[in-house]
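Okay, so here's the structure we're looking at.
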Amino acid sequence: MKSLQILSTALIMLAFTACKKDSNPTPATQPVSLIKTVTSSTNGAAATSNTYEYNADKTINKTKYDDGGYCNFIYSGQTVVADCYDKNGIATVKFNYNLNGAGLLSTLTLSTSASTIYYYDFNNAKQLVHATAKNNGVLQSEYFYKYNSDGNKITDSLISSNGTAINHYTYYTNKVSTTEQRNYGQPFYGVGNKNCVENTTLISTGGVTTLSPYGVPVLDAAGHIAQTSYTYYGNNTVTSYTYQ
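Mapping to this note's numbering: the sequence shown position 67 is 96, numbers consecutive.
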């Protein structure tokens, strides 16, 4: 089951589609378009695919995975619940999202680890700036996020018992990102990045540096990101997107 992908996206916020850098960057804007399918393959292996369904107000209603698993999203006031099941309809995990007065994520808990609570803080621009994970009230990990004037995240820092890790990001400022959380009908995660990621540089405890370059995107006729690729530890992943 792939429902735990929701959590990794929610807390770490590191997975971004990217494009090759252009020599003459210019500002760009684009209305929010909802993603219908995401298909990925690493090193030419068999592809995996997710499908997304939405409510009339463009919020996520259901996520379906190619292994037959799925998650249903239920909304009630300032609470969003994602009930996830395997292909046989057996419950696997429940995500409980509590939102603040601005409709942004405040806390997140999982039925599989009820003693752990994830906390989120946003700035006035609705950008995620701080996140923590606490187990029975004891801090387990802490994240800090910084942004540039273009509205793109330039660093995220993780502090945990395993040390510190800092990701640095560069962007293609004339390529608008259409693969942020808002494009998955989950605006409670904040605005996300304005542009596509060009490269990530991870510097972890001990000075170990890891580079993740992103390839040239393929755009569809409407200008959405239709296909991207990136390389991580020598493995190349190609991801394709379709939109509603």
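The beta carbon of each residue, even a glycine, is placed where N, CA and C say it ideally should be.
For residue 260, which of 64, 70, 62 has the nearest alpha-carbon?
If you number the sequence shown from 1, residue 260 lands on position 231. Checked all of 64, 70, 62; the closest Cα to residue 260 is 70.
Tell whether a beta-carbon distance below 8 Å holds between residue 193 and residue 164.
The residue labelled residue 193 in the question sits at position 164 within the sequence shown. The residue labelled residue 164 in the question sits at position 135 within the sequence shown. No. Outside cutoff.
Opposite residue 89 in the DSSP bridges: which residues?
Taking the first residue of the sequence shown as 1, we reach residue 89 at position 60. Beta-bridge pairing links residue 89 to 83.
Does the Cβ-Cβ distance between residue 266 and residue 258 come in under 8 Å?
As a first step, residue 266 is located in the sequence shown; it is residue number 237 there, counting from the start. As a first step, residue 258 is located in the sequence shown; it is residue number 229 there, counting from the start. It is a contact, given that the beta carbons lie within the stated cut-off.
Alpha carbon of residue 53 to alpha carbon of residue 203, nearest angstrom
Within the sequence shown, the letter at position 24 stands for residue 53. Within the sequence shown, the letter at position 174 stands for residue 203. With a pLDDT of only 34 at residue 53, under the threshold of 50, the placement of this residue in the model should not be trusted, and no figure is reported.
Beta carbon proximity, residue 225 to chain C, threshold 8 Å:
In the structure shown, chain C cannot be found, because there is only a single protein chain.
Inspect the CB distances between the stretch 214-226 and the stretch 74-89 and report whether three or more fall short of 8 Å.
yes
Do you know how far the Cα of residue 166 is from the Cα of residue 246?
Along the sequence shown, read from residue 1 onward, the residue named residue 246 stands at position 217. Along the sequence shown, read from residue 1 onward, the residue named residue 166 stands at position 137. Computed Cα separation, rounded: 43 Å.
For residue 55, which residues from the same chain have a beta carbon less than 6 Å from its beta carbon, with the 5 sequence-adjacent residues on both sides left out?
On the sequence shown, residue 55 is found 26 positions in, with the first residue counted as 1. Interpretation of residue 55 is limited by its pLDDT of 34, a score under 50 that renders its predicted location unreliable; the figure taken from the coordinates is listed afterwards. Only 203 meet the Cβ criterion.
On a CA-only basis, which of 72, 73, 99, 134 is nearest residue 80? Give me that one, please.
One-based indexing of the sequence shown puts residue 80 at position 51. Answer by Cα proximity: 99.
Span separating the alpha-carbon of residue 129 from that of residue 107:
Within the sequence shown, residue 129 is the residue found at index 100, counting from 1. Within the sequence shown, residue 107 is the residue found at index 78, counting from 1. Taking the straight line from one Cα to the other gives about 7 Å.
Residue 188 to residue 220, Cα distance in whole Å?
As a first step, residue 188 is located in the sequence shown; it is residue number 159 there, counting from the start. As a first step, residue 220 is located in the sequence shown; it is residue number 191 there, counting from the start. If you take the alpha carbons of residue 188 and residue 220, they lie about 24 Å apart.
Between 147, 172, 96, 239, which lies nearest to residue 116 when the distance is taken from Cα to Cα?
Sequence index remark: in the sequence shown, residue 116 carries index 87 (1-based). That would be 96, whose Cα lies nearest to the Cα of residue 116.
For residue 255, which residues from the same chain have a beta carbon less than 7 Å from its beta carbon, with the 5 sequence-adjacent residues on both sides left out?
Translated into positions along the sequence shown, residue 255 becomes position 226. Taken in chain order, the residues that qualify are 247, 248, 249, 269, 270.
Should residue 210 go down as buried or exposed, given a rule of 16 or more other Cβ atoms within 10 Å for buried?
Along the sequence shown, one-based indexing puts residue 210 at 181. By the 10 Å Cβ count, residue 210 comes out buried.
Judging by CA-CA distance, which residue of 162, 180, 208 is the nearest neighbour of residue 199?
Position 170 of the sequence shown holds residue 199. Among 162, 180, 208, the Cα nearest to that of residue 199 belongs to 180.
Residue 230 versus residue 175: straight-line alpha-carbon distance, rounded:
Here residue 230 refers to the residue found at position 201 of the sequence shown. Here residue 175 refers to the residue found at position 146 of the sequence shown. Distance between the alpha carbons of residue 230 and residue 175 is about 15 Å.
Pairwise C-alpha distance: residue 223 and residue 61:
Within the sequence shown, residue 61 is the residue found at index 32, counting from 1. Within the sequence shown, residue 223 is the residue found at index 194, counting from 1. Cα to Cα, residue 61 sits roughly 11 Å from residue 223.
Can you tell me where the beta strand (DSSP E) with residue 197 in it begins and where it stops?
Residue 197 sits at position 168 when you count from the first residue of the sequence shown. Start and end: 192-205.
Which residue comes first and which comes last in the beta strand (DSSP E) that contains residue 67?
Residue numbering aside, residue 67 sits at position 38 when the sequence shown is read from its first letter. 64-71 is the extent of the beta strand (DSSP E) around residue 67.
Close Cβ partners of residue 238 (< 6 Å) along its chain, the five nearest in sequence each way excluded:
What you label residue 238 is simply residue 209 of the sequence shown in a count that begins at 1. So the list reads 232, once near-sequence residues are dropped.
State the DSSP-derived secondary structure class of residue 234, mapped to helix, strand or coil.
Indexing the sequence shown from 1 puts residue 234 at position 205. In this structure, residue 234 counts as coil in the three-state DSSP scheme.
Determine the closest residue to residue 207 out of 140, 252, 177, 235, with distance taken between C-alpha atoms.
Sequence index remark: in the sequence shown, residue 207 carries index 178 (1-based). For residue 207, the nearest C-alpha among the options comes from 252.
Going by alpha carbons, who is nearest to residue 186 out of 68, 177, 173?
Within the sequence shown, the letter at position 157 stands for residue 186. Checking every option, the nearest Cα to that of residue 186 belongs to 173.
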